[in-house]
Amino acid sequence: MLPMDNPVSPASSSLVDSFPEPSSSRSRGVTIRLHPAVVMNFFHHHTRLKEYAACTDFSCSNGVTSAQQPRMFGCVIGLQRGQMVEIFNSFELGLDPVSGTLDLVFLRNMQEQSKKVYPDFDVLGWYSIGSAVQDSDIQIHKAFMSFDKRPVYLLLHPTFDLSQKDLHVTIYECGK
Numbered sequence: 001m002l003p004m005d006n007p008v009s010p011a012s013s014s015l016v017d018s019f020p021e022p023s024s025s026r027s028r029g030v031t032i033r034l035h036p037a038v039v040m041n042f043f044h045h046h047t048r049l050k051e052y053a054a055c056t057d058f059s060c061s062n063g064v065t066s067a068q069q070p071r072m073f074g075c076v077i078g079l080q081r082g083q084m085v086e087i088f089n090s091f092e093l094g095l096d097p098v099s100g101t102l103d104l105v106f107l108r109n110m111q112e113q114s115k116k117v118y119p120d121f122d123v124l125g126w127y128s129i130g131s132a133v134q135d136s137d138i139q140i141h142k143a144f145m146s147f148d149k150r151p152v153y154l155l156l157h158p159t160f161d162l163s164q165k166d167l168h169v170t171i172y173e174c175g176k
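All residue numbers for the sequence shown refer to the working numbering, where the first residue is 1 and numbers rise by one.
If you want it as C-alpha cells, here you go:
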C-alpha cells in the first residue's frame, strides 16, 4: 500500500470552495491508502489515451479527432473503515455521448459487476489525470455523491521526476 502523505498543492481554480486545499491524507484524522494496482491502472489508462490521441494526422476510428478527446477519469473502489480509506481497484469511466455528462448507467453497471467480484468493496470516489482541478470536475464529483456522501477525488499529476520516489497525487475529500 502507498500511504498518501505528500500531496502537491493544486493550482488556483474557481473550485477552491468546492475542492478545499489539501494538506495531508491524514488531515481530520483520515488515512488514505492507495494500492499499487490502482496506480498501474491509472498509468495504463493514461498511456492508452495518449496513444489514441496521437492520431493527429487523421480521424480516429470513431471519427473523433485528438483535439476532441475527452479528459481521462474513472472510479475508485475499496473499503472505508472509520477514518481509514483503502483504495484497492479502479475502472475507467466515460461521458454519456448525448449529454456530455458522466455516464451513470455505465457506472452503476460497473458497480454491480464489481460487487460480484469484490462484495465488500464500495465506490469511494473517482480519479483523473491533470495538473489542476478543472471547472467540469465539480459536476463529476456531485454525481459521485449519490454513491458516497464524501467521495474522494484523486488527481494524479502526469509529469513527475523519475529521480524522485514520490508519486504526485492530490487527494480531495469533500461532500455533504
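All C-beta atoms, glycine included, are put in the ideal place defined by N, C-alpha and C.
Close Cβ partners of residue 92 (< 6 Å) along its chain, the five nearest in sequence each way excluded:
For the purposes of this step, residue 92 is taken as residue 92 along the sequence shown, with counting starting at 1. Excluding sequence positions up to five before and after residue 92, its CB lies within less than 6 Å of the CB of 45, 74, all in the same chain and listed in chain order.
Is it true that the CB of residue 138 sits closer than 8 Å to the CB of residue 114?
Residue 114 sits at position 114 when you count from the first residue of the sequence shown. Residue 138 sits at position 138 when you count from the first residue of the sequence shown. Contact: no.
Buried or exposed (CB count within 10 angstroms, at least 16 for buried), residue 65
Against the sequence shown, residue 65 aligns to sequence position 65. Here the model assigns residue 65 a pLDDT of 49, short of 50, so the residue's position is not dependable, and the following value carries that caveat. The residue is exposed, with fewer than 16 neighbouring Cβ atoms inside 10 Å.
Measuring CB to CB, does residue 155 end up less than 8 Å from residue 130?
In the sequence shown, residue 155 corresponds to position 155, counting from 1. In the sequence shown, residue 130 corresponds to position 130, counting from 1. Contact flag set, yes.
Taking C-alpha atoms, which residue in 159, 40, 80, 143 lies nearest to residue 32?
As a first step, residue 32 is located in the sequence shown; it is residue number 32 there, counting from the start. When each option's Cα is compared against that of residue 32, the closest is 80.
Going by alpha carbons, who is nearest to residue 109 out of 147, 48, 72, 88?
Counting from one through the sequence shown, the residue named residue 109 turns up at place 109. The shortest Cα separation from residue 109 among 147, 48, 72, 88 belongs to 147.
Is the separation between the beta-carbon of residue 211 and that of residue 83 shorter than 8 Å?
Because the chain in this structure spans residues 1 to 176, residue 211 falls outside the shown range and cannot be described.
Check whether the Cβ atoms of residue 127 and residue 42 sit closer than 8 Å, and answer yes or no.
Residue numbering aside, residue 127 sits at position 127 when the sequence shown is read from its first letter. Residue numbering aside, residue 42 sits at position 42 when the sequence shown is read from its first letter. Note that the C-beta distance between residue 127 and residue 42 is below 8 Å.
Around the C-beta of residue 158, are 16 or more other C-beta atoms found within 10 angstroms, so that it is buried, or is it exposed?
What you label residue 158 is simply residue 158 of the sequence shown in a count that begins at 1. A residue is called buried when at least 16 other Cβ atoms come within 10 angstroms of its Cβ; residue 158 does not meet this threshold and is exposed.
Which residues bound the beta strand (DSSP E) around residue 145?
Translated into positions along the sequence shown, residue 145 becomes position 145. That residue, residue 145, is in no beta strand (DSSP E); it is neither H nor E in DSSP.
For residue 52 and residue 38, I'd like the C-alpha separation in whole angstroms.
Translated into positions along the sequence shown, residue 52 becomes position 52. Translated into positions along the sequence shown, residue 38 becomes position 38. Cα to Cα, residue 52 sits roughly 21 Å from residue 38.
Three-state secondary structure assigned by DSSP to residue 128
Start at 1 with the first residue of the sequence shown, and residue 128 comes out as number 128. Of the three classes helix, strand and coil, the one that applies to residue 128 here is strand, per DSSP.
Can you check which of these residues, 152, 145, 86, is closest to residue 170 by C-alpha distance?
In the sequence shown, the residue the question calls residue 170 occupies position 170. Distance check between residue 170 and each of 152, 145, 86 places 152 closest, using alpha-carbon atoms only.
Pairwise C-alpha distance: residue 122 and residue 107
If you number the sequence shown from 1, residue 107 lands on position 107. If you number the sequence shown from 1, residue 122 lands on position 122. Approximately 12 Å between the Cα atoms of the pair.
Between which two residues does the alpha helix (DSSP H) harbouring residue 203 extend?
Missing from the structure shown is residue 203; the chain here goes from 1 to 176 and no further.
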